[in-house]
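Let me begin by presenting the structure, written as structure tokens, before commenting on it.
Chains as they are written, first to last, in this note's numbering: chain X, 4 to 385; chain H, 89 to 506.
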């Protein structure tokens, strides 16, 4: 049996459902050995990755804790060609991140086996929050964002990741003549009327939901009267923060527009580099780690794991990918580690809250501190 | 803010302060020798635990000594300047006079830079209007308290006004520029460009110390000498650690010239030990998460880019050595991240410099070779060539420019009688 087959069998044997039932000790013990085998496999497949992990200050083969294993910064996936563990011919899909303001996007390659696992894992997580039933699926986006093949952006990946719950899929935005997304209000009203008493799944990127659904409907005083929806949303808060829209305001207004209770609006954290693992907010407002993953919050000063109640850089871990080395990734996000176990919602294991994105580091010479960028007429001076 | 650094809210406050500094400077002449006396006492006063913790203060103590500054004044302005005398030059007399009030826009990442900048202007007999960056108010205040102790008569203190205001207050920057006769500007490209564009009086002299970066270079006569390796590596570590590798004089890349029979591995292991030792002596107290991310990314991208690249680093972001080959310095990461590139000939490296390199820290034990490398560096835009371990030793000229002379006027007196 090949190493890859052994690894794949080990992943398949993980009890994905329920995803939050293991104690932290059980979970770590289960995935530590698997992660080490995956690192060894990845090193065999990719000489550059081997070079990286062989320079790690701790030999991963001897590591006794997940925190000691070599992790990649997510920006490593901005490389071109993308980091891969499979021949080009096996790649069935390339996911790209939603890079902003001209930055290079991350690119993550999937083969069929990895893609299948990603779908299963997302379903296992989401059903823990909304139940297993299939239902009508309302997407707050345009159909163009869901391409059947080739490269798929973060929005498309998120939309497709939830499509296993769908009996039918309806995108309520369309492009106007200027190419801008626009709410198709008539179609949306028809959809809401048709399914008003049913369980419905709604998904959209946070700022798309706010800009193209909530604001237009609020302006027109329209409520959709869909009390049994679950509204999932993900993606950054930066644009909403710029409009001074807090999370509480967002949830309140989304719930008002759909006519549902606040607890049916669920924010989740995820990224294409960690595809297959998403972190929805539980009723206590915390994000939980499923059995096939881990989250380590590291002190920026030491990179050691923080204690409960402290903030740090988020490292995500996942045993799921075998087509790219996305097992252990240091993100550019800061989070507060709430605790390593004991959330009041009943889910076991590490739980945390997203705090903010880390701004991109700027090179500093004898001068360019106080780095606020200046608009015309404003000084940004040392 | 406090009694030394004034929180400014209006242009009128700045203009008033500038006027007071100007009048004080005109009414109370101060000779270079008097300035040096106060500086000498200031140097002694800085010998306290609280102040010594400020990065760069050890250097500042040396800088303020008469033995350091007198030779600089003599070289820049001649022996006569020290005595406040006119000097004869073929029938005419020359004497340096202060420009008046000098505006200082120091960098925000070098704790002692407001003080260094104003010290240059004071040596020219000027008054000073200093915009203290928000992150440096505490350090500047502590150092200025020591000046107050050393300058009981207020000889220098009365001709200094320290201002603090938001960097976005264009109106205050403009008012400050309008109120001065000269400016010393330290900063990044954008900041420097903006300050240059401020409405200075047409007679004002603006000296800009803009963004630069620095490198280290060694030939095999230095790094291949196993007896000297420990010393060289300590020097390199010291240069990397000071100012968190964010100064324009901080080495970002070390070029190692290959030599027959010399194995760089031994040297690099020694360099690693020196970094560990320096880190024990000067552990980092805090870090921006963005810098931690950048350091992790630098390590990964270096090792992923080429399987023959090597690196040494601890679990923490404390320090990083990246080793490979190539003639061009990669984009700096800072945060104690030194890229070591093996090259066949240092001249090949230097010949590719384009003016961005300010300082080349050099390690060689062959005098002729040193002269040749210094000449090559000077020819390719490098302004300072210094021994490794002394890359941050602030001295004149800096960035190829004198420090005191630009802030004085050399008045020519042709006698009206035979």
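Virtual Cβ for every residue (Gly too), placed ideally from N, Cα, C.
Contact check for residue 350/X against residue 63/X fails: the beta carbons are separated by 8 angstroms or more.
When secondary structure is reduced to three states using DSSP, residue 225/X falls in the coil class, being assigned neither helix nor strand. Counting only runs of at least 4 residues, the region 321–355 of chain H fully encloses no alpha helix (DSSP H) element at all.
Contact of residue 482/H with chain X by beta-carbon distance below 7 angstroms is absent, the smallest such distance being about 11 angstroms. Against chain X, a Cβ distance below 8 angstroms from residue 395/H picks out 50, 51, 53, 54. Residue-level contact by beta carbon fails for residue 339/H and chain X, as no gap is shorter than 8 angstroms.
Counting only residues of its own chain and dropping the five nearest sequence neighbours on each side, residue 363/H has a CB closer than 7 angstroms to the CB of 325, 407, 409.
If you ignore the 5 residues before and after residue 27/X, its C-beta comes within less than 8 angstroms of the C-beta of 343, 344, 351, 352, 353, all in its own chain and listed in chain order.
Counting along the chain, no alpha helix (DSSP H) covers residue 295/X, and no H or E run does either. The secondary-structure analysis by DSSP pairs residue 302/H across a beta bridge with 339/H. Neighbours of residue 368/H across chain X, judged by C-beta separation under 7 angstroms, do not exist; the nearest C-beta is about 14 angstroms away. Between residue 469/H and residue 442/H, the CB-CB gap stays under 8 angstroms.
Residues of chain X with a Cβ closer than 8 angstroms to the Cβ of residue 399/H are, in chain order, 58. The distance from the Cβ of residue 474/H to that of residue 447/H is about 6 angstroms, consistent with a contact at the 8 angstroms cut-off. Counting C-beta pairs closer than 8 angstroms gives fewer than three between the region 110–125 of chain X and the region 171–188 of chain X, which falls short of the contact rule. The DSSP assignment places 27–48, 50–57 as complete runs of the alpha helix (DSSP H) inside the region 19–83 of chain X, in order along the chain (cut-off: 4 residues). Not flagged as an interface residue toward chain H: residue 275/X, since no C-beta distance is shorter than 8 angstroms.
Taking C-beta atoms as the reference points, residue 284/X and residue 269/X count as a pair closer than 8 angstroms. Non-local beta-carbon contacts of residue 277/H in its own chain, meaning distances under 7 angstroms to residues more than five positions away in sequence, involve 298, 299 in chain order. Membership of residue 340/X in any alpha helix (DSSP H) is not indicated; the residue belongs instead to the beta strand (DSSP E) covering 331–342.
One alpha carbon belongs to residue 375/H, the other to residue 201/H, and they sit about 21 angstroms apart. Annotated three-state conformation of residue 263/X is coil, per DSSP. A residue is called buried once 16 or more other Cβ atoms fall within 10 Å of its Cβ, and residue 283/H is buried on that count.
Within chain H, the residues whose beta carbon sits less than 7 angstroms from that of residue 337/X are 377, listed in sequence order.
Interface criterion not met: the Cβ of residue 290/X is under 8 angstroms from no Cβ in chain H. Contacts with chain H at 8 angstroms (Cβ-Cβ) include residue 306/X. Under the 8 angstroms Cβ criterion, the region 130–146 of chain H does not count as touching the region 189–197 of chain H, having fewer than three qualifying pairs.
If you draw a straight line from the Cα of residue 358/H to the Cα of residue 317/H, it comes to about 7 angstroms. Chain X places no beta carbon closer than 8 angstroms to that of residue 321/H, leaving this residue out of the contacts. Between residue 294/H and residue 288/H the beta-carbon gap is near 6 angstroms, inside 8 angstroms, which marks them as a contact.
Beta-bridge partners of residue 411/H (DSSP): 398/H, 428/H.
Among the CB atoms of chain X, none fall inside 8 angstroms of the CB of residue 148/H.
Residue ranges of uninterrupted beta strand (DSSP E) with 3 or more members, entirely inside the region 200–237 of chain H and ordered along the chain, are 215–219. Distance from the CA atom of residue 137/H to the CA atom of residue 182/H, rounded to whole angstroms, is 44 angstroms. Proximity of chain H to residue 79/X at the Cβ level (cut-off 8 angstroms) is accounted for by 385, 388, 389, 392, in chain order. A Cβ-Cβ separation of about 4 angstroms places residue 106/H in contact with residue 267/H under the 8 angstroms criterion.
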